[in-house]
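Student: Protein sequence lines correspond, in order, to chains A and B. Using my numbering, the letters of the first sequence map in sequence onto residues 551 to 906. Using my numbering, the letters of the second sequence map in sequence onto residues 315 to 570. We put the beta carbon where it would ideally sit given N, CA and C, even for glycine.
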Amino acid sequence: MALSMNDQPRAALTTTDHTAPRATPARRALRPMAIVVGLIVLVVLGMTLSPSNALELQYATSLALFAVATNLMLGFGGLVSFGQGVFYGVGAYTVALGWMHHSLSFGEAMVVAPFLGAAIAVVLGALALRTRRLYFALLTLTLSQLAYVIAENQANFTGGTNGVFGSMVPTWLLDPRNSFLFTLALVAVSIAILWKVTRSPFGLVLRAIRDNRSRVEALGVNVFAHELAAFVVSGFFCSVAGTLFVVYSQSSYPELLNWTSSGVPIFMAVIGGMYSFLGPVLGAFVYEFANHFLIQYTQDWQLVLGVVLLVIVLLRPDGLAGAGSAVAARVRHLRTVRATHDERPGVAETGEGDAS
Amino acid sequence: MSQPLLVVEGLVRDFGSFRAVDHVDFEVLPGTIHAVIGPNGAGKSTLFKLITGSLKPTSGHVTLSGESIEGKRAHAVARRGLVQVFQLSSVYSRLTVAESVAASIVSRRRRTLDVVTNFHRTALREATAILDQVGLAERASTIAGTLSHGEQRALEIAMALAIEPTVLMLDEPTAGMSPAETRATADLIVSEVRGRGITVVLSEHDMDVVFGISDHVTVLHQGQVIADGTPEAVRSHDQVMAIYLGHGAAKDGGAS
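#1: Nearest-angstrom Cα distance between G330/B and P371/B?
#2: Given 6 Å as the limit, tell me if T442/B has its C-beta closer than that to any heavy atom belonging to the ligand PLP.
#3: Please compile the residues from chain A whose C-beta is within a distance smaller than 7 Å of the C-beta of Q398/B.
#4: In its own chain, which residues sit with a C-beta less than 8 Å from the C-beta of L536/A, not counting the 5 before and 5 after it?
#5: Enumerate, from N- to C-terminal direction, the unbroken alpha helix (DSSP H) stretches of 4 or more residues contained entirely within the stretch 686-729 of chain A.
#6: With C-beta atoms as the reference, is S812/A less than 7 Å away from G635/A?
#7: Are three or more beta carbon pairs between the stretch 578-589 of chain A and the stretch 800-809 of chain A nearer than 8 Å?
#8: Of all Cβ atoms in chain B, is any one closer than 7 Å to the Cβ of N772/A?
#9: Can you find the residues in the same chain that come closer than 7 Å, C-beta to C-beta, to E323/B, ignoring five residues on each side of it along the sequence?
#10: Check each residue of the stretch 818-836 of chain A: if its Cβ is closer than 8 Å to any Cβ of chain B, include it; give the result in chain order.
#11: Pull up the distance between the alpha-carbon of F752/A and that of V548/B, whole angstroms please.
#12: Are there three or more Cβ pairs, one per stretch, closer than 8 Å when the stretch 837-857 of chain A is compared with the stretch 670-677 of chain A?
#13: Closer than 7 Å between beta carbons: that is the criterion. Which residues of the stretch 840-851 of chain A meet it against chain B?
#14: Once the 5 residues before and after A552/A are set aside, which same chain residues still bring their CB inside 6 Å of it?
#15: So that I know if they touch, is there some Cβ in chain B lying closer than 7 Å to that of L624/A?
#16: Less than 7 Å between CB atoms is the rule here; does L666/A satisfy it with respect to chain B?
#17: Please list the partners that T431/B has in chain A, where partner means a Cβ-to-Cβ separation under 8 Å.
#18: Tell me the DSSP secondary structure of G374/B in three-state form.
#19: Starting from the N-terminal side, write out each stretch of the alpha helix (DSSP H) that is 4 residues or longer and does not extend beyond the stretch 368-445 of chain B.
#20: Taking the alpha carbon of K746/A as the reference point, which residue from L599/A, Q704/A, T711/A, L622/A has its own alpha carbon closest?
#21: Can you tell me which of the three DSSP states V857/A falls into?
#22: Would you tell me roughly how many angstroms separate the C-alpha atoms of L656/A and F781/A, rounded to the nearest one?
#23: Determine, for G385/B, whether the minimum Cβ-Cβ distance to residues of chain A falls below 7 Å.
#24: Under 8 Å: do the stretch 483-491 of chain B and the stretch 463-473 of chain B share three or more Cβ pairs, one atom per stretch?
#25: According to DSSP, what are the bridge partners of Q538/B?
#26: Identify whether M824/A lies in helix, strand or coil by the three-state DSSP scheme.
#27: At 9 Å on the CB atoms, spell out the chain A contacts of M521/B, in chain order.
#28: Can you name the residues of chain B whose CB is closer than 8 Å to the CB of H776/A?
#29: When you compare the CB of H389/B with every CB in chain A, is at least one pair closer than 7 Å?
#30: Please report the distance separating the alpha-carbon of A388/B from that of A775/A.
#31: Quick one: what does DSSP say A584/A is sitting in, helix, strand or coil?
#32: Check H842/A in the structure and name its three-state DSSP category.
#33: DSSP three-state call for G785/A: helix, strand or coil?
#34: Quick one: using the 10 Å Cβ neighbour count with 16 as the cut-off for buried, is T597/A buried or exposed?
#35: E440/B: buried (16+ other C-beta within 10 angstroms of its C-beta) or exposed?
So, in structure tokens, the structure goes:
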């Protein structure tokens, strides 16, 4: 006979417990395996789907990078930036304008764009990170609107409201499969680098800053410098994602710089789970899937999105990834309770805390 | 006599027309426990903030090991070896206990901008030894935000110890604690903090703690120092008795 759930302290399900056994090697190997399987599934899908669906998958893949890069600020740094669209747009415009003005080849633009995004992040971050919380969100939003207006008004240089359209990618990238594999490879490498950034001494300090910035300051860390570093790294990879928008659409236009564009990766991170590294990837695919399919059935898909977001924020602020690990912890817990059959307190999740 | 480690001279801080700290002078000798006491509103917390750099003084000087630190920012003051533990609990709500201490070790070793190595893992291992000393070894993988109040205060002391400070400023370390937790914290301050040769400056409302562990007591009242000396001298000081201890039982010093 199994003990009922009520025999266990509920807190054991949500907090860590030193008495619990460490994660078994099998469980630890699960995540890398899941990632490999996920990549294989993506490659197979990309090769077999119809060209238009494969293109949507390619777009979702590039947005996954945008979401993970934005989440470096949001979930790891605790900073809500409504200005990441600036870096996304800078990435796209670098490729597009380089082509339009015959100044940069596609390859050159792909290399220059992230560094340009990072350089702009130094300037914008130095301004915006002087403020906190709501003021930071509003200031980044303002800076993003400024970039939007500049892109729209400097029509001679940027093509104005219509933006830039044309065959700006090399011919081999016009093949949908090549284009998909190129995007997937660049996204995978970028996300791997971002993973290492979060799993480093810097990543640990960044999460400490998120939880209590004045405490970290009092322990000898220049918080401003570290937030700026996170902003610059985020800007760098948001620009990489922006270059992939051009690979997807062969265009760049001012909307990319708009604050609504900055909102997209925030939605994705919140849906997927901002305290989990790969949560935003999940969020990006769910969001784009919903965007692509719901729109066929309802004009008001954004209303649906709004309701979903509301439910997540109210019930599960740690998103789908958080809900998933809570379910997994409960299953393990029940299994242990059944296995032991004795009076000892149940075991719970072990490990290194959140953002894992 | 050894040279004073921390010297506060003529420190003044105005908030509008209100003078919260009024020409405060005192010296802290190395290796001592120096208590700053006074009723609520006496200016203790403001004084601490002025010393640690989270507030800028209107005028006056603060010198640490012969180097002027007034007006420097909090992280720069901490870098020079003066670390504060705040009055209100302020642990990292979503980090584990071991990670919280590891963050301090990463800071001390100046690896905070390191994105390449796995030094944070080394720091996590080093954290275990410090957690052992404050009695939190068994809680290493607990999320810090779920600890009890007393455990959170012990964790904060561990986070500060991991910086290996020369001076540790403790603002009301026993506030809100049960008598048992208060005794444990006082023991911790004597054995693990002063025991390592770290100089302690603490503000404290519990007179048993103050007179039990302090080597030197400075009494503040309305922003001014009204008495300064050994616990015995301060206890027999007439003005202190009248203004401060006279307000209530000596047990809670009228500062509750």
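Tutor: Looking at the atomic coordinates:
#1: 13 Å
#2: Among the components modelled here there is no ligand, and therefore nothing to report on the ligand PLP.
#3: A768
#4: One cannot answer for residue 536/A here, as it falls past the ends of chain A, which runs 551 to 906.
#5: Segments of the alpha helix (DSSP H) lying fully in the stretch 686-729 of chain A: 705-708.
#6: Yes, the pair counts as a contact, with Cβ atoms nearer than the cut-off.
#7: no
#8: Residue-level contact by beta carbon holds for N772/A and chain B, with a gap shorter than 7 Å.
#9: D339, G374, H375
#10: Result list: Y825.
#11: 47 Å
#12: no
#13: none
#14: Any reading at A552/A needs caution, since the residue's pLDDT is 39, under 50, leaving its predicted position unreliable; the model's value is listed next. In its chain, beyond the 5 residues on either side, R888 have a beta carbon closer than 6 Å to the beta carbon of A552/A.
#15: no
#16: It does not: the Cβ of L666/A has no partner Cβ on chain B nearer than 7 Å.
#17: S750, P751
#18: strand
#19: 388-393, 411-422
#20: Among L599/A, Q704/A, T711/A, L622/A, the Cα nearest to that of K746/A is on L622/A.
#21: Judged by DSSP in its simplified three-state form, V857/A adopts helix.
#22: With the sequence shown as reference, residue 656/A is identified as Phe, and Leu is not the correct amino acid for it. Approximately 26 Å between the Cα atoms of the pair.
#23: no
#24: yes
#25: H535/B
#26: coil
#27: Ordered by position in chain A, no residue passes the 9 Å Cβ test against M521/B, which lies about 27 Å from the chain.
#28: In chain order: T426, L427.
#29: yes
#30: 14 Å
#31: helix
#32: Reduced to three states, the DSSP call for H842/A is helix.
#33: helix
#34: Inspection of the sequence shows that residue 597/A is occupied by Met rather than by Thr. Counting Cβ neighbours within 10 Å, M597/A comes out exposed, since fewer than 16 surround it.
#35: buried
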